[in-house]
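Report on the following structure.
Residue numbers (the working numbering): -11 to 522.
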């Protein structure tokens, strides 16, 4: 922990008994929290380097000086990861051998490779990008499918939407617009704990409209909320602090599944639908279909659950705008204009028919233009997480390979024998498709839903007599309903950055999952019926 940063936060908390804190102190809190976060990251990097050093052969006497208990913990961790990897390899081999008895060799290879990739992505036994790169290599070397099929994710607009979202997030941080957003957040939160939670959820959801990357929003939001929690007097591990962080993390992730370019599973679904079926998902139609229930109603449910599960008293301090904020800098004005134009073009895609990915790429190009001064000179080298890009390209490519080899059609035949689909019961068919997608999400993770279900969507549409768009949209009902945190990488990231207790986050996930399944999902189906979706 950075000692200077911690002293600055403590100094704010131990200030004379004033109930009102000037808004300009928000900058100090943010700076202190950012320094703490950077120091924490440096500690994590140091620990990772130590672990790598332990794995390498070494005759240095320093290893023997390490306490035996710490060495034991490291080896237990490594052994757990190793057994996961071995188990996935065994399952891959078993699936490959079993399917080869009944299916053509290319289908058998594809089935085995699907188990291998989805298993590693679900368990994170190795980094996600490693699995994606291994997938590309296996498909091309084993000639399972053409190279252009395996690498189709790279020319999907979804891939470039995610890349552009990372660039826009870096621009928001570089220009200071994120810090100004914190001042705005401090101005909209109420004086009581309930007002704080409502303000954070509303702000976090609004941010999903302008930053099309859940990871980017988490990286921006969590340090800001940590700073606000410190300033408001909510100590570490207190209900107030956990509630604030949960409001930000869940508020910017779960309701955002109702906004097309906001989260990775949405973008993967859109990319695969475009890549496999030529189906362009409209920003406005998607928003109209999902936002009223999965967006607004889920956000309201989240607020109620946080207030019930993590009750806390009023803040020890309050924040007010005693001084007017400084005017927008030229770079902040330019970036605000860019983000506003992006949103306008996304909302009007039904008129110009330009995919959200290419609109975002145009915005990212301007941000990366050196004379715009909206990003640092090292933005592409140091601030972009290319691992997440390979991950998305790998998932899209896997779906394309499953479709190209005919494995999707074979899966439909197996599902049709087990599921009680009926052409005369469209509502029941929607429920069954959602249940299957939900099971896939639990077994794998949220991005695994479009990876598994999209390649077989056309066959499922034929089987259920539902429109293709309706079949595709049932996936949203599934991947917007998180059972446990491991399914959603942004939630895991928020837990790590904000030091959120895993038990508290898991309980909130389970409560949201249960109530969403029993109340929000039926309500959403009624809304779909009113819109004529089925």
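Cβ atoms here follow ideal geometry from the backbone N, Cα and C, with glycine treated the same way. Here the structure is a predicted model, which is why all the values come from computation and not from measurement.
Could you give the distance in angstroms between the alpha-carbon of residue i and the alpha-carbon of residue j?
{"i": "residue 510", "j": "residue 364", "result": "47 Å"}
{"i": "residue 137", "j": "residue 358", "result": "35 Å"}
{"i": "residue 72", "j": "residue 439", "result": "21 Å"}
{"i": "residue 198", "j": "residue 502", "result": "30 Å"}
{"i": "residue 326", "j": "residue 248", "result": "19 Å"}
{"i": "residue 159", "j": "residue 171", "result": "18 Å"}
{"i": "residue 374", "j": "residue 121", "result": "12 Å"}
{"i": "residue 129", "j": "residue 231", "result": "50 Å"}
{"i": "residue 37", "j": "residue 449", "result": "Unreliable placement is indicated for residue 37, whose pLDDT of 43 sits below 50; the coordinate value is still reported in the next sentence. So the two alpha carbons sit approximately 50 Å from each other."}
{"i": "residue 420", "j": "residue 409", "result": "8 Å"}
{"i": "residue 206", "j": "residue 78", "result": "36 Å"}
{"i": "residue 516", "j": "residue 413", "result": "15 Å"}
{"i": "residue 246", "j": "residue 494", "result": "22 Å"}
{"i": "residue 94", "j": "residue 76", "result": "20 Å"}
{"i": "residue 283", "j": "residue 96", "result": "40 Å"}
{"i": "residue 301", "j": "residue 220", "result": "11 Å"}
{"i": "residue 83", "j": "residue 103", "result": "8 Å"}
{"i": "residue 391", "j": "residue 378", "result": "20 Å"}
{"i": "residue 315", "j": "residue 288", "result": "33 Å"}
{"i": "residue 32", "j": "residue 317", "result": "Legend: pLDDT at residue 32 = 40, less than 50; position of this residue unreliable, no value from coordinates given."}
{"i": "residue 369", "j": "residue 356", "result": "12 Å"}
{"i": "residue 512", "j": "residue 350", "result": "34 Å"}
{"i": "residue 348", "j": "residue 335", "result": "13 Å"}
{"i": "residue 41", "j": "residue 114", "result": "Bear in mind that a pLDDT of 40 at residue 41, under 50, signals an unreliable position, so the model cannot answer this."}
{"i": "residue 488", "j": "residue 367", "result": "29 Å"}
{"i": "residue 156", "j": "residue 354", "result": "10 Å"}
{"i": "residue 389", "j": "residue 256", "result": "15 Å"}
{"i": "residue 169", "j": "residue 253", "result": "26 Å"}
{"i": "residue 504", "j": "residue 189", "result": "17 Å"}
{"i": "residue 186", "j": "residue 101", "result": "44 Å"}
{"i": "residue 106", "j": "residue 384", "result": "12 Å"}
{"i": "residue 521", "j": "residue 514", "result": "10 Å"}
{"i": "residue 589", "j": "residue 134", "result": "Within the shown structure, residues of the chain are numbered from -11 to 522, placing residue 589 beyond reach of any answer."}
{"i": "residue 332", "j": "residue 193", "result": "17 Å"}
{"i": "residue 406", "j": "residue 424", "result": "11 Å"}
{"i": "residue 86", "j": "residue 445", "result": "25 Å"}
{"i": "residue 518", "j": "residue 281", "result": "13 Å"}
{"i": "residue 80", "j": "residue 69", "result": "16 Å"}
{"i": "residue 371", "j": "residue 161", "result": "10 Å"}
So residue i and residue j are in contact, right, with Cβ under 8 Å, and what is the actual spacing, rounded?
{"i": "residue 496", "j": "residue 293", "result": "6 Å"}
{"i": "residue 323", "j": "residue 163", "result": "5 Å"}
{"i": "residue 260", "j": "residue 387", "result": "5 Å"}
{"i": "residue 227", "j": "residue 142", "result": "That belief does not hold up - the Cβ atoms of residue 227 and residue 142 are roughly 45 Å apart, past 8 Å."}
{"i": "residue 184", "j": "residue 303", "result": "7 Å"}
{"i": "residue 132", "j": "residue 393", "result": "7 Å"}
{"i": "residue 320", "j": "residue 165", "result": "5 Å"}
{"i": "residue 476", "j": "residue 434", "result": "6 Å"}
{"i": "residue 262", "j": "residue 144", "result": "7 Å"}
{"i": "residue 290", "j": "residue 500", "result": "7 Å"}
{"i": "residue 285", "j": "residue 508", "result": "6 Å"}
{"i": "residue 200", "j": "residue 258", "result": "Going by Cβ atoms, the distance from residue 200 to residue 258 rounds to 11 Å, so no, they are not a contact pair."}
{"i": "residue 295", "j": "residue 453", "result": "44 Å between Cβ atoms; not a contact."}
{"i": "residue 265", "j": "residue 456", "result": "6 Å"}
Cβ-heavy atom distance between residue i and the ligand GTP below 7 Å?
{"i": "residue 434", "result": "Absence of the ligand GTP is noted for the structure shown, with no ligands found whatsoever."}
Original post:
If we count Cβ pairs, one from each stretch, closer than 8 Å, do we get three or more for the stretch 120 to 128 versus the stretch 165 to 180?
Top reply: Result no; under three Cβ-Cβ pairs closer than 8 Å.
Original post:
Between the stretch 226 to 237 and the stretch 206 to 214, are three or more C-beta pairs nearer than 8 Å?
Top reply: Short answer: they touch.
Subject >> Any 3 or more C-beta pairs closer than 8 Å across the stretch 422 to 432 and the stretch 480 to 491 >> reply: The stretch 422 to 432 vs the stretch 480 to 491: no contact.
Original post:
Going along the chain, which unbroken runs of the alpha helix (DSSP H) with 4 or more residues stay wholly within the stretch 92 to 177?
Top reply: The DSSP assignment places 93 to 111, 116 to 129, 135 to 138, 145 to 163, 165 to 176 as complete runs of the alpha helix (DSSP H) inside the stretch 92 to 177, in order along the chain (cut-off: 4 residues).
Subject >> At least three beta-carbon pairs within less than 8 Å, the stretch 274 to 285 to the stretch 452 to 471 >> reply: Touching, yes, given that three or more Cβ pairs across the two stretches are closer than 8 Å.
**OP:** With a floor of 4 residues, list each alpha helix (DSSP H) that falls wholly inside the stretch 279 to 334, ordered by position along the chain.
**Re:** Positions of the alpha helix (DSSP H) runs, each at least 4 residues long and wholly inside the stretch 279 to 334, are given as 286 to 297 in order along the chain.
Subject >> the stretch 333 to 348 in contact with the stretch 250 to 270 per 3-pair CB rule at 8 Å >> reply: Taking a cut-off of 8 Å for Cβ pairs, the stretch 333 to 348 and the stretch 250 to 270 touch, as three or more such pairs fall below it.
Original post:
With contact counted as at least three CB pairs below 8 Å, one residue from each stretch, are the stretch 150 to 166 and the stretch 106 to 114 in contact?
Top reply: With the cut-off at 8 Å, the stretch 150 to 166 and the stretch 106 to 114 do not touch.
Subject >> Segments of 4+ residues assigned as alpha helix (DSSP H) that fall wholly inside the stretch 346 to 418 >> reply: Considered as a whole, the stretch 346 to 418 harbours 374 to 392, 395 to 406 as its complete alpha helix (DSSP H) runs of no fewer than 4 residues, in chain order.
**OP:** Mind listing, in chain order, the continuous alpha helix (DSSP H) runs of no fewer than 4 residues lying wholly within the stretch 227 to 264?
**Re:** Along the length of the stretch 227 to 264, whole alpha helix (DSSP H) runs at least 4 residues long occupy 227 to 241, reported in chain order.
Original post:
In chain order, which alpha helix (DSSP H) runs of at least 4 residues are fully inside the stretch 438 to 509?
Top reply: Complete alpha helix (DSSP H) runs here, min 4: 445 to 452, 456 to 467, 477 to 486, 490 to 503.
**OP:** Go through the stretch 189 to 231 residue by residue and report every complete run of the alpha helix (DSSP H) that reaches 4 residues or more, in order.
**Re:** Residue ranges of uninterrupted alpha helix (DSSP H) with 4 or more members, entirely inside the stretch 189 to 231 and ordered along the chain, are 202 to 220.
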